[in-house]
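A.B. asks: This is the structure I want to talk about, given as structure tokens.
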């Protein structure tokens, strides 16, 4: 509104200055004997208006546009009142110029109706003083009453018009602001939908890949089992017993096959997820952690020689969706490895601890990486929030982990000291505890 008022005031100032100078034609038609005197008054009034216009281009003028506009608008009224005073008083036809100015203000005045009303009352006062202070006073009271009434009508009409005009302008600006806000919200929604669409497409690909890999894993497992059986038989052969080198080679081959077998088993565990209902499976947490470590080993290797320490009870059993918990652990380990690699920590270390208490297993995953900035800590579990570079993640990993832990009746939280460490904590129901109530959504 301030910008609109400033633009209108500048345009109105130029218009008024031009009309003041063009009014010399009226002086010539009505009072040719006073034309020179009136010309000087017109030039002075126009100069005052233009001075106000120049002030509107300053910082002070932009801040006080309403007051400056009101002041320079009084210059033409003072000029007309003075002309009425030195010509015919209440009989002067210049009262029409006052009415014209009042209606012009009602149309162009860039402020509210109260300013227009104040301007109109000031004009009425100037007109009355111009007539009363003439030598000899008021010669025709009826003309003063008639002309004054017409001017008052003009003030009322201009004020009412200004009120509704101002309301219309405010409504227009309000609608423009609302439209801009809605457009911004729509743009943000489109970006989120595009990101979600990409994630859904990726999930569909992963689902198709999972269906395909299920059969492949079965096909891979069969020849691996054949190889394991053949290697076991070969190790029992007298030639292998009599040759230490051959026995060592067969043992290494068998260990390699066992490694392949473990990877296939881990992939099966991770691929076959539940249907998203309340988890009721039972599994050893240590086994899930072993699977997660093997599947996240590539990320940990990229971080350098990471020391992986664990402080857990190998026999502790929890209830839930093993594949989902493996996914949570993979995400936390991968994030820790990425942080250690990005921070170039000289002695990188990750510590996984699990402590049973009150029927739940409390798990912590800690690293001595560069930590998380305080302004980012509160947004870690927001969907699409990520501090990684564009193309290196959608920011959904921790949000999904948060929902998985909540589905198990627990809570996932994070704490960090920048430059020292980061710790993620969550809890799971122990297998011999009462089933947990589902977390509210």
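Residue numbers (UniProt numbering): 1 to 441.
A virtual CB, placed ideally from N, CA and C, is assigned to each residue, including glycine.
1) Quick one, which of 428, 234 and 256 has its alpha-carbon nearest residue 246's?
2) Would you check if there are 3 or more beta carbon pairs closer than 8 Å linking the segment 113–122 to the segment 134–147?
3) Leaving aside the five residues before and after residue 227 along the sequence, list all residues of the same chain whose C-beta is less than 6 Å from its C-beta, in chain order.
4) Residue ranges of each beta strand (DSSP E) run of no fewer than 3 residues wholly in the segment 93–160, ordered along the chain?
5) Can you tell me whether residue 315 is buried or exposed? The criterion is at least 16 other CB atoms within 10 Å of its CB, across all chains shown.
6) Answer yes if the segment 127–135 comes into contact with the segment 152–166, meaning at least three C-beta pairs across the two stretches below 8 Å, and no otherwise.
7) Using only alpha-carbon positions, find the residue among 356, 77 and 219 that is nearest to residue 101.
8) Which partner residues does residue 361 have in the DSSP bridge list?
9) Taking the alpha-carbon of residue 68 as reference, which of 53, 18, 82 and 81 has the nearest alpha-carbon?
10) Once DSSP output is grouped into helix, strand and coil, what is the label at residue 75?
11) Would you mind sorting residue 42 into buried or exposed? The rule is 16 or more other CB atoms within 10 Å of its CB.
12) From the DSSP output, which residues share a beta bridge with residue 283?
13) Mind pulling the alpha helix (DSSP H) runs of 4 or more residues that sit fully within the segment 29–83?
14) Sorted by chain position, which residues of the same chain lie with C-beta nearer than 7 Å to residue 163's C-beta, five sequence neighbours on each side aside?
15) For residue 90, write down the residues that DSSP places opposite it in a beta bridge.
16) Strictly by DSSP, which residues pair up with residue 351?
17) Quick one: Cα of residue 297 to Cα of residue 365, how far?
18) Does the Cβ of residue 249 have 16 or more other Cβ atoms within 10 Å, making it buried, or fewer, making it exposed?
19) Report yes if the CB atom of residue 153 is closer than 8 Å to the CB atom of residue 119, and no otherwise.
20) Please report how far the alpha carbon of residue 321 lies from the alpha carbon of residue 281, in whole angstroms.
21) Measuring only the C-alpha atoms, how far is residue 29 from residue 182?
22) What does a CB cutoff of less than 7 Å around residue 99 pick up in its chain, not counting 5 residues either side in sequence?
23) Cα-Cα, which of 83, 135 and 404 is closest to residue 319?
24) Assign residue 394 to one of three DSSP states: helix, strand, or coil.
25) Spatial neighbours of residue 362 within its chain, please: C-beta separation below 6 Å, excluding the five flanking residues on both sides.
26) I'd like to know whether the C-beta atoms of residue 330 and residue 373 end up nearer to each other than 8 Å.
27) For the putative contact between residue 289 and residue 337, defined by C-beta atoms under 8 Å, what is the C-beta separation to the nearest angstrom?
28) Measure the C-alpha to C-alpha separation of residue 2 and residue 419 and round it to an integer number of angstroms.
29) Report the option in 397, 414 and 26 whose CA atom is closest to the CA atom of residue 39.
30) On a CA-only basis, which of 317, 347 and 304 is nearest residue 334? Give me that one, please.
31) With distances taken from CA atoms, which of 307, 193, 317 and 75 is nearest residue 123?
32) Let's test the definition: count the other Cβ atoms within 10 Å of the Cβ of residue 173 and tell me whether it reaches 16, buried, or not, exposed.
33) Quick one: give me the first and last residue of the alpha helix (DSSP H) that residue 413 is part of.
34) Once the 5 residues before and after residue 327 are set aside, which same chain residues still bring their CB inside 6 Å of it?
35) When we look at the beta-carbon of residue 231 and count the other beta-carbons within 10 Å, is it buried (16 or more) or exposed?
36) So which of 36, 147 and 73 has the shortest CA-CA distance to residue 88?
C.D. replies: Result, derived from the coordinates:
1) Ranking 428, 234 and 256 by Cα distance to residue 246 puts 234 first.
2) Verdict: no, contact absent.
3) So the qualifying residues of the chain are 257.
4) For the segment 93–160, not a single whole beta strand (DSSP E) run of length 3 or above is found.
5) The residue in question, residue 315, is exposed, as its Cβ has fewer than 16 Cβ neighbours within 10 Å.
6) Fewer than three Cβ pairs drawn from the segment 152–166 and the segment 127–135 lie within less than 8 Å of each other, which leaves the two stretches out of contact.
7) Looking at 356, 77 and 219, the one whose alpha-carbon comes closest to that of residue 101 is 77.
8) BP columns for residue 361 point to 356 and 428.
9) When only C-alpha atoms are compared, the closest one is 53.
10) Three-state DSSP puts residue 75 in a helix.
11) Under this definition residue 42 is a buried residue.
12) BP columns for residue 283 point to 318.
13) List check, alpha helix (DSSP H) in window: 35–55 and 59–63.
14) Taken in chain order, the residues that qualify are 113.
15) DSSP, once it has assigned bridges, lists no residue as partnering residue 90.
16) As DSSP reads the structure, residue 351 sits in a beta bridge with 309 and 366.
17) Between the alpha carbons of residue 297 and residue 365 lies a distance of about 15 Å.
18) A residue is called buried once 16 or more other Cβ atoms fall within 10 Å of its Cβ, and residue 249, having fewer, is exposed.
19) In this structure, residue 119 does not lie closer than 8 Å to residue 153 by Cβ.
20) The straight-line gap from Cα to Cα measures roughly 6 Å.
21) Rounded to whole angstroms, the gap between the alpha carbons of residue 29 and residue 182 is 58 Å.
22) The residues are 150, 151 and 154.
23) Closest option to residue 319, Cα to Cα, is 404.
24) A caution first: residue 394 carries a pLDDT of 49, below 50, which makes its placement in the model unreliable, though a value can still be read off. Residue state, collapsed to three classes: coil.
25) Within the same chain, residue 362 has close Cβ partners 355 and 427.
26) Residue 373 is positioned such that its CB atom lies no closer than 8 Å to that of residue 330.
27) Contact between residue 289 and residue 337 fails: their C-beta atoms lie close to 15 Å from each other, not under 8 Å.
28) Rounded to whole angstroms, the gap between the alpha carbons of residue 2 and residue 419 is 48 Å.
29) Among 397, 414 and 26, the Cα nearest to that of residue 39 is on 26.
30) Of the candidates 317, 347 and 304, the one whose C-alpha sits nearest the C-alpha of residue 334 is 304.
31) Restricting attention to 307, 193, 317 and 75, the CA atom closest to the CA of residue 123 is found in 75.
32) That one is exposed.
33) Where residue 413 is concerned, there is no enclosing alpha helix (DSSP H), although the beta strand (DSSP E) it sits in stretches over 413–417.
34) Same-chain partners within the cutoff: there are none.
35) Buried: at least 16 other Cβ atoms inside 10 Å.
36) Closest by alpha carbon: 147.
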